[in-house]
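What follows is a set of notes on a single structure, which appears directly below.
Protein chains in written order, with this note's numbering: chain A, 578 to 861; chain B, 14 to 173.
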């Protein structure tokens, strides 16, 4: 049995080796034949046959490469578009900022233009200032960008403008070199001697904080109606007389044991509207 | 049948890569012979029957574009396949370095052989120039590890 196997192996080995060498030799001979044959005739027939195999392949390769080129271009364009998109986004963002700034400048310009038409300049000597800082927790106190170097002193009256009308905004309570703190009308600690426009009765206006601003000590028989204007009284030692403080918004009739009326006032200058102020120099 | 299909797909991929390299990555007369790299890579993993056939066909494919001589590439590719099968018993083609060296020298060899054959059969020299030949061989050699890896992965289904 073993001897038969060995015989077979011996027979196969030379065949395998022969095949191993035969194949390349055949291919080399074939190629050599193709080279020595003239290009016309047999070779052109071989080429014609091969064209059925290779031409679709060449087309496929060409299309693939073209597609790859297009992909490369598309990717490049996408990258460029992405970059342009980023730049445009930045420009849009910048435009938005500029637009907001322009809007703010426009509003400021409008306010200042109106302020220029104000009478305080003619009537009182003072200085214009901007609200520099506002503490969110203390809405009725603001800090303005002018101080003692600009002639501002404590207890100076502060005016502002809303809806085209000037009005009392508050009083200076603290002064630093370049800044000053203003207590606005609505603050609880604010008080001023005021006069009702209709009957000329005077009273003490007090800020209410979250509650309405009130005038106390108005005589029971005083002529007062909702919508009446309230001005600073000539008797005030702090505020010049005649500054509009607000309008009457409610009247509380006296109870039997009370001897005076309480009038609620809607301040002319709302705390949130204070942006530019006119500070009257003390002693004016 | 599956092997034949695999080989056909690989042949198509090789032609596409060859086309791409010859149109996109050839500068100043430098020709990168990617078909040869594929042929060498396949010979390093295939049985001689398949390897010689693939090499011969790849050569014929390149000859198809020639106008002066037909069969020179088939001859030189088959000769290159002979060299690969000779080296396969002595070198380990799993390593990157043997792959690069083999492809580099075989590209040079095929270039020189083609030029000699052309000179012999048509009496017109087609010498591409030493620098072009070497630079093309270098680019081909640099692509060799990737193509070897791809071919092995495709044919043997393994990473190395």
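Cβ atoms here follow ideal geometry from the backbone N, Cα and C, with glycine treated the same way.
DSSP three-state assignment for residue i, whether helix, strand or coil
i, result
"residue 925/A", "Missing from the structure shown is residue 925/A; chain A here goes from 578 to 861 and no further."
"residue 862/A", "Not covered by the structure: residue 862/A. The range shown for chain A is 578 to 861."
"residue 772/A", "strand"
"residue 793/A", "strand"
"residue 603/A", "helix"
"residue 762/A", "coil"
"residue 742/A", "strand"
"residue 777/A", "coil"
"residue 736/A", "strand"
"residue 101/B", "helix"
"residue 718/A", "strand"
"residue 749/A", "strand"
"residue 23/B", "helix"
"residue 215/B", "Past the boundaries of the shown model lies residue 215/B; chain B is included only from 14 to 173, so the question cannot be answered."
"residue 208/B", "Past the edges of chain B, shown from 14 to 173, lies residue 208/B, and the structure says nothing about it."
"residue 782/A", "strand"
"residue 701/A", "coil"
"residue 636/A", "helix"
"residue 706/A", "strand"
"residue 154/B", "helix"
"residue 757/A", "strand"
"residue 673/A", "helix"
"residue 691/A", "helix"
"residue 657/A", "helix"
Rounded straight-line distance, which links the Cα of residue j to that of residue i
i, j, result
"residue 704/A", "residue 857/A", "7 Å"
"residue 144/B", "residue 620/A", "33 Å"
"residue 91/B", "residue 605/A", "6 Å"
"residue 844/A", "residue 668/A", "43 Å"
"residue 102/B", "residue 642/A", "37 Å"
"residue 724/A", "residue 743/A", "22 Å"
"residue 850/A", "residue 739/A", "7 Å"
"residue 27/B", "residue 152/B", "16 Å"
"residue 119/B", "residue 25/B", "22 Å"
"residue 836/A", "residue 781/A", "15 Å"
"residue 763/A", "residue 786/A", "6 Å"
"residue 822/A", "residue 840/A", "13 Å"
"residue 637/A", "residue 613/A", "31 Å"
"residue 597/A", "residue 650/A", "48 Å"
"residue 167/B", "residue 134/B", "38 Å"
"residue 148/B", "residue 117/B", "10 Å"
"residue 794/A", "residue 838/A", "6 Å"
"residue 164/B", "residue 110/B", "17 Å"
"residue 607/A", "residue 616/A", "15 Å"
"residue 914/A", "residue 670/A", "Any question about residue 914/A goes unanswered here, given that chain A covers just 578 to 861."
"residue 853/A", "residue 708/A", "6 Å"
"residue 531/A", "residue 731/A", "Chain A is shown from 578 up to 861; residue 531/A falls before or after that span and cannot be answered."
"residue 59/B", "residue 142/B", "33 Å"
"residue 602/A", "residue 43/B", "31 Å"
"residue 73/B", "residue 663/A", "52 Å"
"residue 748/A", "residue 761/A", "7 Å"
"residue 797/A", "residue 828/A", "11 Å"
"residue 666/A", "residue 673/A", "10 Å"
"residue 579/A", "residue 610/A", "Any reading at residue 579/A is ruled out, since the residue's pLDDT is 47, under 50, leaving its predicted position unreliable."
"residue 812/A", "residue 819/A", "11 Å"
7 Å Cβ shell around residue i - same chain, five flanking residues per side excluded
i, result
"residue 213/B", "Examination of residue 213/B is not possible in this model, given that chain B is present from 14 through 173 alone."
"residue 69/B", "87, 90 and 91"
"residue 56/B", "64, 68, 94, 97 and 98"
"residue 711/A", "719"
"residue 805/A", "773, 774, 775, 824 and 825"
Own chain, CB closer than 6 Å to residue i, minus 5 neighbours either side, in chain order
i, result
"residue 34/B", "45 and 47"
"residue 89/B", "123, 126 and 127"
"residue 810/A", "770, 771, 772 and 779"
"residue 846/A", "737, 739, 744 and 746"
"residue 803/A", "825"
Beta-carbon proximity list for residue i, same chain, < 8 Å, skipping 5 on both sides
i, result
"residue 79/B", "85 and 86"
"residue 586/A", "Any answer about residue 586/A is weak, because its pLDDT of 49 lies below 50 and its placement is not dependable; what the coordinates show is given next. Result list for residue 586/A: empty, nothing under 8 Å."
"residue 82/B", "76, 130, 131, 134 and 135"
Note to self: Please list, in chain order, the residues of the segment 638-666 of chain A that have any C-beta partner in chain B closer than 7 Å.
What the structure shows: Going along the segment 638-666 of chain A in chain order, one finds 638, 639, 641, 642 and 645 with a Cβ nearer than 7 Å to chain B.
Notebook entry, point to check: Which ranges would you report for the beta strand (DSSP E) in the segment 799-860 of chain A if only whole runs of at least 3 residues count?
Noted result: Counting only runs that start and end inside the segment 799-860 of chain A, the beta strand (DSSP E) elements of at least 3 residues fall at 806-809, 821-829, 837-844 and 853-857.
Checklist line | Segments assigned alpha helix (DSSP H), at least 4 residues, entirely inside the segment 51-76 of chain B | finding: Within the segment 51-76 of chain B, the complete alpha helix (DSSP H) runs of at least 4 residues are 61-76.
Item checked: Against chain A: residues of the segment 106-136 of chain B by CB proximity under 8 Å -> Hits within the stretch, in order: 130 and 134.
Item checked: Residues of the segment 83-99 of chain B whose Cβ lies closer than 9 Å to any Cβ of chain A, in chain order -> Listed in chain order, the positions of the segment 83-99 of chain B with a beta carbon within less than 9 Å of a beta carbon of chain A are 83, 84, 85, 86, 87, 88, 89, 90, 91, 92, 94, 95 and 98.
Next item on the list: Could you run through the segment 22-35 of chain B and flag, in chain order, every residue whose CB is less than 7 Å away from some CB of chain A?
Entry: Result list: 25, 28, 29, 32 and 33.
Next item on the list: Below 9 Å between beta carbons is the criterion; list the residues of the segment 671-692 of chain A that meet it against any residue of chain B, in chain order.
Entry: With the criterion set as a beta carbon lying under 9 Å from some beta carbon of chain B, the segment 671-692 of chain A has no members that meet it.
Check: Closer than 8 Å, Cβ to any Cβ of chain A: which residues of the segment 43-61 of chain B, in chain order?
Finding: Flagged, chain order: 61.
Next item on the list: Check distances from the C-beta atoms of the segment 596-612 of chain A to those of chain B and list, in chain order, the residues that come in under 7 Å.
Entry: Here the close residues are 597, 600, 601, 604, 605, 608, 609, 611 and 612.
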